[in-house]
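To convert, note that position 26 of the sequence shown is 25 in numbering that gives the first Met the number 0; the numbers rise steadily by one, no gaps.
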Amino acid sequence: MDARVTFTTGPDAPKSFKYLMAAGQALKEGPLPTVTQELVALRVSQINGCAVCIDMHTKEATAAGESAVRVHLVAAWREATVFTEAERAALELAEEGTRVADAAEGISDAVWARAAAHHDEEQLTALVVLVSFMNMVNRLNVLTRQPAGDYEPGQYH
């Protein structure tokens, strides 16, 4: 499969893509634990069917020290016993924030309360921005048919 558009991070990258990458870097440096960020990014990407992001965040999670078992169980996190309550709350929020067409209210009060029990306001803000960012990036990659499989950890950071 060939990409319809080639996004690059070099000096010839479109200005808008450079801004997007800077926003992604700011999120990466934010208050959420790296593992939580990667699990959330992976789950959002799985829901959206973004192969290039699944490739990226699987490899980034592994590079950050995440176990293969936990990475493989993200798709079935509700039934898995390997995630902390804080991670489960973040994954639940990520799912509702991604499936807005399935739930008119977006993130329900109950899901928000569970997330707020484990994350402070700064972390909640970062989590919502991360979910929104991943949904946008997933769509960019799916719409332009970005191929997956050759991502190297740290490639875009």
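No residue lacks a Cβ here, since even glycine has one placed at the ideal position from N, Cα and C.
Where does the unbroken alpha helix (DSSP H) through residue i begin, and where does it stop?
i: I106; result: Here I106 belongs to no alpha helix (DSSP H), and DSSP marks it neither H nor E.
i: Q36; result: T33 to N47
i: F16; result: K14 to K27
i: G148; result: Neither: G148 is in no alpha helix (DSSP H) and is coded neither H nor E.
i: Q122; result: E120 to L142
i: V73; result: Careful: V73 lies outside any alpha helix (DSSP H) and carries neither H nor E.
i: T57; result: A50 to A62
i: E95; result: E84 to T97
Out of the options, which has the shortest C-alpha to C-alpha gap to residue i?
i: Q145; options: A50, Q36 and M20; result: A50
i: G64; options: I46, V136, V34 and G29; result: V34
i: R113; options: A79, F16 and E86; result: E86
i: P152; options: A2, K58 and A21; result: K58
i: A161; options: N140, N134 and L26; result: The structure shown does not extend to residue 161, since the chain spans only 0 to 156, so no value can be given for it.
i: D108; options: E91, E121, A40 and Q122; result: E91
i: Q24; options: A125, W76 and D149; result: A125
i: L38; options: E28, I53, P30 and N47; result: I53
i: W76; options: P32, E120, A100 and I46; result: I46
i: G48; options: D149, V110, V136 and Q154; result: V136
i: E94; options: L72, I106 and D119; result: I106
i: H117; options: A103, L31 and E78; result: L31
i: S131; options: R42, A147 and T5; result: R42
Please classify residue i as buried or exposed, where buried requires at least 16 neighbouring CB atoms within 10 angstroms.
i: R138; result: exposed
i: L142; result: exposed
i: T97; result: buried
i: A100; result: exposed
i: V110; result: buried
i: A21; result: exposed
i: V81; result: exposed
i: Q36; result: buried
i: A103; result: exposed
If residue i and residue j are in contact, beta carbons under 8 Å, what's the gap, nearest whole angstrom?
i: A60; j: V70; result: 5 Å
i: A40; j: M133; result: 5 Å
i: L26; j: L129; result: 5 Å
i: M55; j: Y150; result: 5 Å
Please determine whether the Cβ atom of residue i lies at a distance below 7 Å from any heavy atom of the ligand FMN.
i: V81; result: Ligands are entirely absent from the displayed structure, and the ligand FMN is therefore not among its contents.
Just checking: is the beta-carbon of residue i within a distance shorter than 8 Å of some beta-carbon in chain E?
i: A21; result: Absence of chain E from the displayed structure is noted, only one protein chain being present.
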